[in-house]
Amino acid sequence: MNALLLFALFSLSIAQNFDEAYSDLESYNLRTIYITENGPKLTVMTDQAKVISRRGGNATLPCRFQRDPTTGPNPKLRIKWTKLTSDYLREVDVFVAMGYHKRSYGKFHGRVHLQGDGDNDASLVINEITLEDYGRYKCEVIDGLEDGTVVVSLDLQGVVFPYFPRFGRYNMNFHDAEKACVDQDAVVASFDQLYDAWRGGMDWCNAGWLSDGSVQYPITKPREPCGGRNTVPGVRNYGKRDKDKHRYDVFCFTSNYNGRFYYLVRPGKLTYDEAVQACQRDGAEIAKVGQMYAAWKLLGFDRCDAGWLADGSVRYPISRPRRRCSPDEAAVRFSGFPDRKHKLYGVYCFKGNN
């Protein structure tokens with residue numbers, strides 16, 4: 001107890017001496033000093049966050065940068081373009097440039113280059129755009145220890161359409177869905193593409209895969225079998241699903257094509273095999289579902305004759321609604337997957353320009 005009392009008195013004595021020794025600090029005008037770094041030595045920017053093009057066309061993704069004018073030229077300055085995957089889990093290399101060394105990668109090889117409009121221009125030019133080129137691209141400039149990035153979206157003019165194969169609805173896992181879209185001259189649609197289609201009036205009550213692995217469907221007219229009568233219009237979302245295990249339909253996206261889509265005028269109706277042969281004799285091939293949707297949506301193709309398509313389905317495109325030919329709406333009308341031996345339909349053909 002005595003030891004504790006002595007320690008307390010000793011501590012009090014030190015505190016009093018400290019206050020006396022530093023009491024004159026109150027007479028000084030104290031200031032807070034802020035230490036700041038210099039401004040950024042590298043700034044990367046874009047004047048257009050979204051660029052719109054079409055399949056087969058060209059596009060320039062704008063990207064420019066500014067360097068500290070007091071620094072000299074850097075021959076090792078690096079410009080790198082990557083493409084973000086739809087789930088943002090990884091980046092795909094597109095193009096890299098450092099001085100005279102330039103390299104393009106994968107499916108972009110030989111189709112991309114820098115615009116080169118001045119020393120500070122990092123804009124990327126993409127030629128012969130494909131459906132797979134749709135998405136978000138990152139421009140990164142690396143100048144020594146400094147670096148900066150911007151993201152530019154490449155959008156495509158086109159059309160979203162729901163699809164299920166001959167063996168029925170809700171029968172495709174994600175990988176089956178990818179193949180089904182490719183087989184119909186399309187790719188799996190993104191959420192943004194489906195959302196734009198919904199804003200354009202698309203209403204479809206069957207859930208389908210999207211490119212990010214989610215399953216969704218667009219509803220403009222709420223009703224009991226489609227989320228409930230008292231719900232609001234919107235894109236219904238089932239969330240991410242197991243790409244191997246779960247099975248749904250799919251929403252596909254296609255864009256402009258390089259060729260001619262047409263109904264083959266000939267006397268009499270055809271079986272499926274006869275339809276395939278008829279297009280071949282005309283120097284063409286039997287058309288795909290995506291080609292019909294592109295002709296209907298982008299070119300206003302209108303024909304009231306049901307015809308075979310490559311997947312064995314029978315459809316016809318109506319741009320001008322009328323009695324007996326889609327009286328209520330412009331649409332691609334679907335007549336099902338009839339027996340391929342039925343001699344009841346015409347055929348739609350496609351002749352590529354190449």
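End of the sequence shown = 354 in UniProt numbering, gap-free, step of one. Even glycine gets a Cβ: it sits at the ideal position worked out from N, Cα and C. This structure is a prediction, so every number in the text was calculated from the model and none was measured.
* Touching by the beta-carbon criterion (3+ pairs, under 8 Å), the segment 46-59 and the segment 119-126 -> yes
* Under 9 Å between the Cβ atoms of Thr-254 and Val-187? -> The residue labelled residue 254 in the question sits at position 254 within the sequence shown. The residue labelled residue 187 in the question sits at position 187 within the sequence shown. Contact: yes.
* To do: Report the residue from Glu-285, Leu-131, Leu-42, Cys-349 whose alpha carbon sits nearest the alpha carbon of Tyr-316.
  => Mapped onto the sequence shown, residue 316 falls at position 316. The option with the nearest alpha carbon to Tyr-316 is Cys-349.
* Grab me the residues of Pro-321's own chain with a C-beta within less than 7 Å of its C-beta, minus the 5 sequence neighbours each way, in chain order. => One-based indexing of the sequence shown puts residue 321 at position 321. Closer than 7 Å at Cβ, skipping near neighbours: Pro-327, Asp-328, Glu-329, Ala-330.
* Shortest alpha-carbon distance to Leu-145 belongs to which of Lys-76, Phe-167, Asn-354? -> Counting from 1 along the sequence shown, the entry for residue 145 is found at position 145. The option with the nearest alpha carbon to Leu-145 is Lys-76.
* Asked: From Thr-60 to Val-150, what does the alpha carbon distance come to, in whole angstroms?
  -> On the sequence shown, position 60 is the one that residue 60 refers to. On the sequence shown, position 150 is the one that residue 150 refers to. Straight-line Cα distance between these residues: approximately 14 Å.
* **Counted within 10 angstroms of its Cβ, other Cβ atoms place Gly-307 as buried (16 or more) or exposed** => Counting from one through the sequence shown, the residue named residue 307 turns up at place 307. Flag for Gly-307 reads buried.
* **Contacts around Asp-244, its chain only, beta-carbon distance under 8 Å, and the 5 residues preceding and following it disregarded** => Indexing the sequence shown from 1 puts residue 244 at position 244. Closer than 8 Å at the Cβ level, and outside the excluded window around Asp-244, lie Asn-173, Phe-174, His-175.
* If you pair each beta-carbon of the segment 90-104 with each one of the segment 160-171, do three or more pairs fall below 8 Å? -> no
* Go through its chain and collect everything with a Cβ distance to Phe-337's Cβ below 6 Å, but skip five positions before and after it. => Within the sequence shown, numbered from 1, the residue matching residue 337 stands at position 337. Result list for Phe-337: Arg-166, Gly-312, Ser-313, in chain order.
* **Any alpha helix (DSSP H) of 4 or more consecutive residues that is wholly inside the UniProt domain "Link" (159-254)** => 174-183, 191-199
* To do: Mark Leu-210 as exposed unless 16 or more other C-beta atoms lie within 10 angstroms of its C-beta, in which case mark it buried.
  => Counting from 1 along the sequence shown, the entry for residue 210 is found at position 210. Flag for Leu-210 reads buried.
* To do: Classify Val-112 as buried or exposed, calling it buried when 16 or more other Cβ atoms lie within 10 Å of its own Cβ.
  => If you number the sequence shown from 1, residue 112 lands on position 112. Buried, because 16 or more other Cβ atoms sit within 10 Å of the Cβ of Val-112.
* To do: Please state if the CB of Val-235 and the CB of Gln-216 are separated by a distance shorter than 9 Å.
  => Sequence index remark: in the sequence shown, residue 216 carries index 216 (1-based). Sequence index remark: in the sequence shown, residue 235 carries index 235 (1-based). Taking 9 Å as the Cβ cut-off, Gln-216 and Val-235 qualify as a contacting pair.
* Asked: Taking Phe-261 as the reference, which of Asn-237, Tyr-248, Ala-295, Gln-277 has the closest Cα?
  -> For the purposes of this step, residue 261 is taken as residue 261 along the sequence shown, with counting starting at 1. Out of Asn-237, Tyr-248, Ala-295, Gln-277, Ala-295 has the C-alpha closest to the C-alpha of Phe-261.
* Asked: For Leu-154, which option in Cys-139, Phe-251, Asp-147 has the closest C-alpha, if you only look at C-alpha atoms?
  -> Indexing the sequence shown from 1 puts residue 154 at position 154. Closest option to Leu-154, Cα to Cα, is Cys-139.
* Got a sec? Which residues, its chain only, sit under 6 Å from Lys-80 by beta carbon, not counting five neighbours each side? -> Translated into positions along the sequence shown, residue 80 becomes position 80. If we look at Lys-80 and ignore the five residues flanking it on each side, its Cβ neighbours are Val-96, Glu-140.
* Got a sec, what are the start and stop residues for the alpha helix (DSSP H) Asp-273 sits in? -> If you number the sequence shown from 1, residue 273 lands on position 273. Here the alpha helix (DSSP H) through Asp-273 covers 272-281.
* Asked: In chain order, what residues of the same chain lie with their CB nearer than 6 Å to the CB of Ala-310, ignoring the 5 residues before and after it?
  -> Position 310 of the sequence shown, counted from the first residue, corresponds to residue 310. The answer, listed in chain order, is Ile-286, Lys-288.
* Looking only at C-alpha atoms, which of Pro-162, Leu-131, Tyr-263, Pro-69 sits nearest to Tyr-248? -> Position 248 of the sequence shown, counting from 1, holds the residue named residue 248. Per the Cα distances, Pro-162.
* Could you give the distance in angstroms between the alpha-carbon of Gln-66 and the alpha-carbon of Lys-41? -> Walking along the sequence shown from the start, residue 66 turns up at place 66. Walking along the sequence shown from the start, residue 41 turns up at place 41. Each residue's Cα considered, the two are about 8 Å apart.
* Asked: Straight-line CA distance for Asp-119 to Arg-64?
  -> Here residue 119 refers to the residue found at position 119 when the sequence shown is read from its first residue. Here residue 64 refers to the residue found at position 64 when the sequence shown is read from its first residue. The C-alpha of Asp-119 lies about 9 Å from the C-alpha of Arg-64.
* To do: Determine the extent of the beta strand (DSSP E) in which Lys-341 is found, giving its start and end residues.
  => The sequence position of residue 341 within the sequence shown is 341, counting from 1. Lys-341 -> no beta strand (DSSP E), and no H or E assigned at all.
* Taking the continuous alpha helix (DSSP H) assigned at Leu-298, which residues delimit it? -> In the sequence shown, counting from the first residue as 1, residue 298 sits at position 298. Element bounds for Leu-298: 289-299.
* **Pick from Trp-204, Leu-298, Gly-268, Arg-323 that is closest to Asn-237, judged by C-alpha positions** => Sequence index remark: in the sequence shown, residue 237 carries index 237 (1-based). Of the candidates Trp-204, Leu-298, Gly-268, Arg-323, the one whose C-alpha sits nearest the C-alpha of Asn-237 is Trp-204.
* Would you call the CB atoms of Arg-340 and Tyr-272 closer than 9 Å? -> As a first step, residue 340 must be located in the sequence shown, where it is residue number 340. As a first step, residue 272 must be located in the sequence shown, where it is residue number 272. Closer than 9 Å, so yes.
* **DSSP three-state assignment for Leu-131, whether helix, strand or coil** => Working through the sequence shown from its first residue, we reach residue 131 at position 131. It is helical.
* Asked: Cα separation between Ser-86 and Lys-240?
  -> Translated into positions along the sequence shown, residue 86 becomes position 86. Translated into positions along the sequence shown, residue 240 becomes position 240. Cα to Cα, Ser-86 sits roughly 12 Å from Lys-240.
* To do: Could you pull out every unbroken beta strand (DSSP E) segment of at least 3 residues lying fully inside the segment 45-70, listed in chain order?
  => 50-53, 59-61, 64-67
* Asked: Which same chain residues, not among the five before or five after Glu-178, have their C-beta less than 7 Å away from its C-beta?
  -> As a working mapping, residue 178 is identified with position 178 in the sequence shown. Annotation for Glu-178: Val-188 place their beta carbon closer than 7 Å to its own, counting only its chain and skipping 5 residues before and after.
* Cβ shell of Asn-206 (< 7 Å), same chain only, five flanking positions each side left out -> By one-based count along the sequence shown, residue 206 stands at place 206. Closer than 7 Å at Cβ, skipping near neighbours: Pro-162, Arg-169, Tyr-217, Asp-249.
* Who are the Cβ neighbours of Val-51 in its own chain at under 8 Å, not counting the five residues just before and after it? -> Here residue 51 corresponds to residue number 51 of the sequence shown, with the count starting at 1. Hits under 8 Å: Ala-59, Thr-60, Leu-61, Pro-62, Val-152, Ser-153, Leu-154, Asp-155.
* Asked: Rounded to a whole number of angstroms, what is the C-alpha to C-alpha distance between Ile-35 and Thr-70?
  -> Taking the first residue of the sequence shown as position 1, residue 35 is located at position 35. Taking the first residue of the sequence shown as position 1, residue 70 is located at position 70. Any reading at Ile-35 is ruled out, since the residue's pLDDT is 36, under 50, leaving its predicted position unreliable.
* **Straight-line gap, Asp-185 to Ser-53 (C-alpha atoms, nearest Å)** => Walking along the sequence shown from the start, residue 185 turns up at place 185. Walking along the sequence shown from the start, residue 53 turns up at place 53. Distance between the alpha carbons of Asp-185 and Ser-53: 18 Å.
* Report the three-state DSSP secondary structure of Lys-107 (helix, strand or coil). => Locating residue 107 in the sequence shown gives position 107, where the first residue counts as 1. In this structure, Lys-107 counts as helix in the three-state DSSP scheme.
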